[in-house]
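Residue numbers (the working numbering): 484 to 626.
To keep things clear, I will list the structure first and then write my remarks on it.
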């Protein structure tokens with residue numbers, strides 16, 4: 484079982500500028516096969532934008548994703564972790580703040596993300612959530 488966030492996090496961060504459109508962010512998510520991006524102003528984490536944020540906070544309201552900015556829809560001032568924080572701290576923060584993903588920051592710079600799936604895989608590899616997290620994405624061309 485992992486002790487520290489660095490052992491369970493997904494290294495590397497995909498980021499967009501605060502003024503990036505939701506279309507830009509969604510295209511980046513699709514090309515990277517991810518469900519979230521960090522919204523960063525320079526090297527400062529401003530927020531986290533998920534595919535669900537785009538859907539529920541913009542598209543469902545009829546907003547034009549080509550003109551709405553990532554910053555206006557993201558979860559601002561996200562809870563952050565450090566790579567040397569205990570895995571238990573990540574679990575507690577997710578529970579307390581009802582979030583599924585947390586950016587990992589070292590020396591002020593985003594270095595990774597830890598997700599609920601990452602934690603499930605580390606703590607109970609045989610759980611349904613861990614198995615789903617490991618599964619390859621569905622073939623888009625098969626639809």
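Even for Gly, the Cβ is constructed at its ideal location relative to N, Cα and C.
Here the structure is a predicted model, which is why all the values come from computation and not from measurement.
Option in the options with minimal Cα separation from residue i
{"i": "residue 561", "options": "568, 588, 544 and 489", "result": "588"}
{"i": "residue 523", "options": "606, 592 and 598", "result": "592"}
{"i": "residue 519", "options": "580, 571 and 584", "result": "584"}
{"i": "residue 502", "options": "590, 597, 556 and 580", "result": "556"}
{"i": "residue 596", "options": "579, 485 and 494", "result": "494"}
{"i": "residue 509", "options": "550, 485 and 487", "result": "550"}
Rounded distance between the beta-carbons of residue j and residue i, thought under 8 Å
{"i": "residue 482", "j": "residue 532", "result": "Past the edges of the chain, shown from 484 to 626, lies residue 482, and the structure says nothing about it."}
{"i": "residue 507", "j": "residue 496", "result": "The Cβ separation is near 16 Å, so there is no contact."}
{"i": "residue 512", "j": "residue 544", "result": "Contact flag wrong, Cβ pair sits at about 19 Å."}
Start-to-end residues for the alpha helix (DSSP H) that takes in residue i
{"i": "residue 598", "result": "Run containing residue 598: none in the alpha helix (DSSP H); it sits in the beta strand (DSSP E), 592–598."}
{"i": "residue 575", "result": "570–580"}
{"i": "residue 556", "result": "553–556"}
{"i": "residue 492", "result": "Careful: residue 492 lies outside any alpha helix (DSSP H) and carries neither H nor E."}
{"i": "residue 512", "result": "505–515"}
Residue i classed as buried or exposed, judged by whether at least 16 other C-beta atoms fall within 10 angstroms
{"i": "residue 491", "result": "buried"}
{"i": "residue 598", "result": "buried"}
Backbone secondary structure at residue i - three-state DSSP
{"i": "residue 532", "result": "strand"}
{"i": "residue 583", "result": "coil"}
{"i": "residue 527", "result": "strand"}
{"i": "residue 559", "result": "strand"}
{"i": "residue 603", "result": "helix"}
{"i": "residue 519", "result": "strand"}
{"i": "residue 498", "result": "strand"}
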